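**Q** Take the sequence shown: its position 116, counting from 1, is numbered 116 in full-length UniProt numbering, and each next residue is one higher.
Ideal Cβ placement from N, Cα and C applies to all residues, glycine included.
Remember, it's a predicted structure, so these values are computed and weren't measured experimentally.
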Amino acid sequence: MSTPDRPPSDLDSVRERLNVVTQETRFSLVQDILGHPSGLPTLKELDYVNPSRSRTTIRQHLRKLADAGIVEEVSLPEDRRRNDLPYKFYGISDAGRRFLDEHKLLRAEETLRTVYERVEKTDEIERYENAPRPDR
1 MSTPDRPPSD
11 LDSVRERLNV
21 VTQETRFSLV
31 QDILGHPSGL
41 PTLKELDYVN
51 PSRSRTTIRQ
61 HLRKLADAGI
71 VEEVSLPEDR
81 RRNDLPYKFY
91 GISDAGRRFL
101 DEHKLLRAEE
111 TLRTVYERVE
121 KTDEIERYEN
131 APRPDR
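1) Please look up how many angstroms separate the CB atoms of His36 and Tyr116, rounded, as I've assumed it's under 8 Å.
2) Smallest Cα separation from Asp94: which of Gly39, Leu11, Val14?
3) With distances taken between CB atoms, is the gap from Phe27 to Ile70 smaller than 8 Å?
4) When burial is assigned at 16 or more other CB atoms within 10 Å of the CB, is Asp32 buried or exposed?
5) How should Glu45 be labelled, buried or exposed, when 16 other C-beta atoms within 10 angstroms of its C-beta is the threshold for buried?
6) Could you check the C-alpha separation between Gly96 and Lys64 for me, to the nearest Å?
7) Exposed or buried, which one is Val119 when buried takes at least 16 other CB atoms within 10 Å?
8) For the candidate residues Val20, Leu11, Glu124, Arg136, whose alpha-carbon lies nearest to that of residue 148?
9) Assuming Leu29 and Ile58 are in contact, meaning their beta carbons sit under 8 Å apart, how far apart are those beta carbons, in whole angstroms?
10) Please classify Arg82 as buried or exposed, where buried requires at least 16 other C-beta atoms within 10 Å of its C-beta.
11) Measuring CB to CB, does Phe89 end up less than 8 Å from Pro134?
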């Protein structure tokens, strides 16, 4: 463990990242992102599949995941945006995917996609789900 006298070791860094990822709400968000058909849900979609959490709470947890390098915010280029559709999305970063894979946290990705497909969605959520996504 790091202290003011001792910098964090690699093991400490891994442990801290694992603690960030495996916290219940954040782990649920990671699973939701992995389960999304494009791997790039919007905040509204994440809010929809997490009804017991506020949008503010979701946003705060996404920020922590981004600070840990697990999740990244991705925007649709301005020339592809439409007024009635979303342009900000959340996806697992390349470094985040490597980290999750190293720690065997990607094994259920196909199952998560199957579960996500079965979620009953409103017309608005389906419209958001089918909105154009940035190229990654």
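**A** The structure says:
1) Taking the first residue of the sequence shown as position 1, residue 36 is located at position 36. Taking the first residue of the sequence shown as position 1, residue 116 is located at position 116. Confirmed, Cβ separation roughly 6 Å.
2) The residue labelled residue 94 in the question sits at position 94 within the sequence shown. Of Gly39, Leu11, Val14, the residue nearest in Cα terms is Gly39.
3) Position 27 of the sequence shown holds residue 27. Position 70 of the sequence shown holds residue 70. No. Outside cutoff.
4) Along the sequence shown, one-based indexing puts residue 32 at 32. So Asp32 counts as buried.
5) As a first step, residue 45 must be located in the sequence shown, where it is residue number 45. Looking at its Cβ environment, which holds 16 or more other Cβ atoms inside 10 Å, Glu45 is buried.
6) The sequence position of residue 96 within the sequence shown is 96, counting from 1. The sequence position of residue 64 within the sequence shown is 64, counting from 1. Whole-angstrom Cα-Cα distance: 13 Å.
7) Stepping through the sequence shown from its first residue, residue 119 is reached at position 119. It is exposed - the Cβ of Val119 has fewer than 16 other Cβ atoms within 10 Å.
8) This structure does not reach residue 148, given that the chain is present from 1 up to 136, and the question cannot be answered.
9) Within the sequence shown, numbered from 1, the residue matching residue 29 stands at position 29. Within the sequence shown, numbered from 1, the residue matching residue 58 stands at position 58. Confirmed, Cβ separation roughly 7 Å.
10) Looking up residue 82 in the sequence shown gives position 82. Answer is exposed; the Cβ neighbour count stays below 16.
11) Stepping through the sequence shown from its first residue, residue 89 is reached at position 89. Stepping through the sequence shown from its first residue, residue 134 is reached at position 134. Contact: yes.
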